[in-house]
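Number of protein chains: 2
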Amino acid sequence: MTGLTVAVVGATGAVGREMWRLLPDSAVPVERVLAYTGTRSAGTELIFRDHPVRARALDEASIEPVDLALFSAGADAARAWAPRFAALGATVVDNSSGFRADLRVPLIVPEVNGELLDRRVAIVANPNCSTIQMVVALAPLHRAWGLRGIKVATYQSVSGAGARAMTELVENTRRHLAGDEETLQVFPHPIAFNVLPHIGDFDPAGESREEGKMREETRRLLGLPDLPVSATCVRVPVLRGHSEAVWASFATSPDPDGARELLRGAGVMVEDDPRAAVYPLARRASGRPEVFVGRIRPDGSDPRGLALWVVSDNLLKGAATNAVQIAEVLAARGFLGRSGP
Amino acid sequence: MTGLTVAVVGATGAVGREMWRLLPDSAVPVERVLAYTGTRSAGTELIFRDHPVRARALDEASIEPVDLALFSAGADAARAWAPRFAALGATVVDNSSGFRADLRVPLIVPEVNGELLDRRVAIVANPNCSTIQMVVALAPLHRAWGLRGIKVATYQSVSGAGARAMTELVENTRRHLAGDEETLQVFPHPIAFNVLPHIGDFDPAGESREEGKMREETRRLLGLPDLPVSATCVRVPVLRGHSEAVWASFATSPDPDGARELLRGAGVMVEDDPRAAVYPLARRASGRPEVFVGRIRPDGSDPRGLALWVVSDNLLKGAATNAVQIAEVLAARGFLGRSGP
Numbered sequence: 027m028t029g030l031t032v033a034v035v036g037a038t039g040a041v042g043r044e045m046w047r048l049l050p051d052s053a054v055p056v057e058r059v060l061a062y063t064g065t066r067s068a069g070t071e072l073i074f075r076d077h078p079v080r081a082r083a084l085d086e087a088s089i090e091p092v093d094l095a096l097f098s099a100g101a102d103a104a105r106a107w108a109p110r111f112a113a114l115g116a117t118v119v120d121n122s123s124g125f126r127a128d129l130r131v132p133l134i135v136p137e138v139n140g141e142l143l144d145r146r147v148a149i150v151a152n153p154n155c156s157t158i159q160m161v162v163a164l165a166p167l168h169r170a171w172g173l174r175g176i177k178v179a180t181y182q183s184v185s186g187a188g189a190r191a192m193t194e195l196v197e198n199t200r201r202h203l204a205g206d207e208e209t210l211q212v213f214p215h216p217i218a219f220n221v222l223p224h225i226g227d228f229d230p231a232g233e234s235r236e237e238g239k240m241r242e243e244t245r246r247l248l249g250l251p252d253l254p255v256s257a258t259c260v261r262v263p264v265l266r267g268h269s270e271a272v273w274a275s276f277a278t279s280p281d282p283d284g285a286r287e288l289l290r291g292a293g294v295m296v297e298d299d300p301r302a303a304v305y306p307l308a309r310r311a312s313g314r315p316e317v318f319v320g321r322i323r324p325d326g327s328d329p330r331g332l333a334l335w336v337v338s339d340n341l342l343k344g345a346a347t348n349a350v351q352i353a354e355v356l357a358a359r360g361f362l363g364r365s366g367p
Numbered sequence: 027m028t029g030l031t032v033a034v035v036g037a038t039g040a041v042g043r044e045m046w047r048l049l050p051d052s053a054v055p056v057e058r059v060l061a062y063t064g065t066r067s068a069g070t071e072l073i074f075r076d077h078p079v080r081a082r083a084l085d086e087a088s089i090e091p092v093d094l095a096l097f098s099a100g101a102d103a104a105r106a107w108a109p110r111f112a113a114l115g116a117t118v119v120d121n122s123s124g125f126r127a128d129l130r131v132p133l134i135v136p137e138v139n140g141e142l143l144d145r146r147v148a149i150v151a152n153p154n155c156s157t158i159q160m161v162v163a164l165a166p167l168h169r170a171w172g173l174r175g176i177k178v179a180t181y182q183s184v185s186g187a188g189a190r191a192m193t194e195l196v197e198n199t200r201r202h203l204a205g206d207e208e209t210l211q212v213f214p215h216p217i218a219f220n221v222l223p224h225i226g227d228f229d230p231a232g233e234s235r236e237e238g239k240m241r242e243e244t245r246r247l248l249g250l251p252d253l254p255v256s257a258t259c260v261r262v263p264v265l266r267g268h269s270e271a272v273w274a275s276f277a278t279s280p281d282p283d284g285a286r287e288l289l290r291g292a293g294v295m296v297e298d299d300p301r302a303a304v305y306p307l308a309r310r311a312s313g314r315p316e317v318f319v320g321r322i323r324p325d326g327s328d329p330r331g332l333a334l335w336v337v338s339d340n341l342l343k344g345a346a347t348n349a350v351q352i353a354e355v356l357a358a359r360g361f362l363g364r365s366g367p
């Protein structure tokens, strides 16, 4: 395969920056790279393999044929522009929720259901960050014991709401410590020294969008369309790294030691020696591409249940890393490149 | 009843300070008040009804007969000294875990099982903070629908680990923002911009002490010795106010509207209009004596389940307020005072 032309759409956002940073060392054979941003960030100079690349505003004039477009620009931009890139021959990997509910668009976590990438496709959807890390942890256990239900409470970092949310946490933390008034731009309430059980809009029954995504996307990724899943999604004053308290119930009795072995065998990082204060931590997972699992123990309220603590960097495996891994699978299978097979 | 002599033991700690502050406006008829502290804080001048009170180090020489002793000095101090105060005629209300597992000692949340305070007792145990707020929220629902199981993930503020833990969070937050190295004295890992799934020591199966307390104390308070309860207890970078994601399963189908009505009728503060961004928040609950419940919705994974979000000030209803309320019940029933009935 010859080198590919790759566009990163939303290149200056929290996730886009990570996609940009990951590409040079990935197995995607990048020859040329384009950066697209919103109008405010257009003109920003990015560096790719020591060469400057000027970010373009995404519009009719700037769009051009590429082999691969990595999108992290929100659902509206994805719905508007991903089909345009696809029409010019690109494969689009989109990190937004824009196509995740579209059953014609594969929703992929490579180590969970990568086998579905068995042909050229126009668009591949990257799942929700909270869902990816939970499914990476549960898929190996599901294969062994048959998943029957999930309850999950999340501790999600503010970077999941974008770069501006990170600034808001830092600035308002400073203000709160100084006794100054905090200003709210991204979050509906102060996030400094607080937790907010509110991620995305609410439906009439009181479930948030994030909670609905965790159910629907988990069902799709595991191929279990009726799996009972109940999530409570909560924003915590952490910059990077989502943590999750998960209860998983199975068809046959699971055991903690077996779970650790299955997870290690699947490439999951098991950090589980709580008496030595060893368990996954958001700050330590930050900047790392893996999913970390610990606090694996029997669910005292369910003889077929396990409790787990799952942590990952939401900007990496929860977003940029998973998107680049999808592109790597497509490249390895010869499904990328306008002149490919 | 004539005025009582009341001792606050641990008077300069995070909870002791709140007990001290609450006493003058309580229904406990306080005539004289004594402050006991550890040796480091002895000599501190506290103010009670505009009069200075000098804190004494708790030792053989300083102990004297009182009518009521409010203890918040840890389990070791409680086990050592509460029986001594009791032997001199006091009723002790102890906020530590020192006596909670002792079935001869009543474990009380007044609005849940206050009827057990039906006689003079030497020692009454105040439950664990996380347990109190959850049980206040679940007891009215249990009476209506019959509780069958609980799963709970907590978001616990650092004040639950004492005043030094609050200082550690503030100082290390400042250091982290300044790029300086953080120092650890209370927590085993950095708590600034992080979450730690570690509250209390771990048993061989990997359950923390706090998680075990939530099960054992909930069972005792609700009189359900076999109730399945599974907790994951997590410290979050919040100064004051514990939040909890609770799933409760019942014998008969619950409904969210009925739950709101039952809770309001029981004096619980229902804040539940998520589409208007109204739900309980740790920072807003801080300094208030009530338990706040919101995000009440069907548990999508259990037809007989409800999901709830429960928040309260862990230093108040979770500790000092509940202890003072126990004393108020004892006073109203004539069970306080060395010369009483």
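First to last, the protein sequences are chains A and B. Offset between the first sequence (1-based) and our numbering: plus 26. Offset between the second sequence (1-based) and our numbering: plus 26. Built from N, CA and C at the ideal position, the CB exists for glycine as well.
For a cut-off of 8 Å, the C-beta gap from B:Gly291 to B:Asn340 is around 25 Å, too long to register as a contact. Closest in alpha carbon position to B:Val135, among B:Ala163, B:Arg43, B:Gly42 and B:Met45, is B:Ala163. Secondary structure at B:His77: strand, using DSSP grouped into helix, strand and coil.
Annotation: the stretch 258-341 of chain A contains the following complete segments of the alpha helix (DSSP H) (minimum length 4 residues), in chain order: 282-291 and 308-311. In this structure, A:Leu289 keeps its C-beta atom at 8 Å or more from the C-beta atom of A:Thr117. Nearest to B:Gly226 by C-alpha distance, out of B:Ser256, B:Gly313 and B:Ala187, is B:Ala187. Secondary structure of A:Asp206 (DSSP, three-state): coil. Excluding its 5 nearest sequence neighbours in each direction, B:Ser67 has C-beta neighbours in its own chain below 7 Å: Thr38 and Ala81, listed in chain order.
The Cβ atoms of B:Ala302 and B:Val337 do not sit closer than 8 Å to each other. Listed in chain order, the positions of the stretch 231-254 of chain A with a beta carbon within less than 8 Å of a beta carbon of chain B are Ala231, Gly232, Glu233, Ser234, Arg241 and Pro254. DSSP lists B:Ser256 and B:Trp273 as the bridge partner or partners of B:Lys177. When the alpha-carbon of B:Thr157 is set against those of B:Gly344, B:Ala353, B:Gln351 and B:Arg235, the nearest one is in B:Gly344. B:Met240 and B:Leu253 have their alpha carbons spaced roughly 11 Å apart. Listed by position along chain B, the residues whose Cβ is nearer than 9 Å to that of A:Trp171 form an empty set, because the closest Cβ is around 17 Å away. Taking the C-beta atoms as reference points, A:Leu72 is found no nearer than 8 Å to A:Val32.
When CB distances to chain A are screened at a threshold of 8 Å, the residues of the stretch 197-215 of chain B falling below it are Thr199, Arg200, Leu203, Pro214 and His215, in chain order. In this chain, B:Phe97 is not harboured by any alpha helix (DSSP H); it is covered by the beta strand (DSSP E) spanning Leu94 to Phe97. Chain A places a beta carbon closer than 8 Å to that of B:Arg301, counting this residue as a contact.
With the criterion set as a beta carbon lying under 9 Å from some beta carbon of chain A, the members of the stretch 317-330 of chain B are Gly320, Arg321, Ile322, Arg323, Pro324, Asp325, Gly326, Ser327 and Asp328, in sequence order. A:Ile149 carries a strand assignment under DSSP once its states are collapsed to helix, strand and coil. A:Pro300 is the residue among A:Ala358, A:His77, A:Phe318 and A:Pro300 whose C-alpha sits nearest the C-alpha of B:Gly232. B:Leu332 and B:Pro282 have their C-alpha atoms spaced approximately 7 Å apart.
B:Gln182 and A:Arg145 have their C-alpha atoms some 48 Å from each other. Per the coordinates, the alpha-carbon of B:Ile149 lies some 30 Å from the alpha-carbon of B:Leu265. Sorting B:Glu90, B:Glu137, B:Pro153 and B:Gln211 by C-alpha distance to the C-alpha of B:Asp128 places B:Pro153 at the top.
In the DSSP annotation of this structure, the continuous segment of the beta strand (DSSP E) that includes A:Val118 starts and ends at Thr117 to Asp120.
Among the residues facing chain B, A:Ile225 is not included, as its CB has no counterpart in that chain under 8 Å away. DSSP, read as helix, strand or coil, puts A:Arg130 in coil. Taking CB atoms only, A:Pro280 has no neighbour in chain B less than 8 Å away.
When the five nearest sequence neighbours on each side are left out, the beta carbons in the same chain lying within less than 7 Å of the beta carbon of A:Leu48 are those of Ala346, Thr347 and Val350, in order along the chain. In the DSSP assignment, A:Leu30 falls within the beta strand (DSSP E) that extends over Leu30 to Val35. A:Val212 is a Cβ neighbour of A:Ala191, given a cutoff of 8 Å. DSSP, reduced to helix, strand and coil, places A:Arg58 within a strand of the structure shown.
Looking only at B:Leu342, B:Ser327, B:Arg323 and B:Arg174, the smallest Cα-Cα distance to B:Trp335 is reached by B:Arg323. The beta carbons of A:Ala274 and A:Thr180 sit about 15 Å from each other, so the pair does not count as a contact at 8 Å. The shortest C-alpha to C-alpha distance from B:Leu133 to any of B:Ile352, B:Arg359 and B:Ala358 is the one to B:Ile352.
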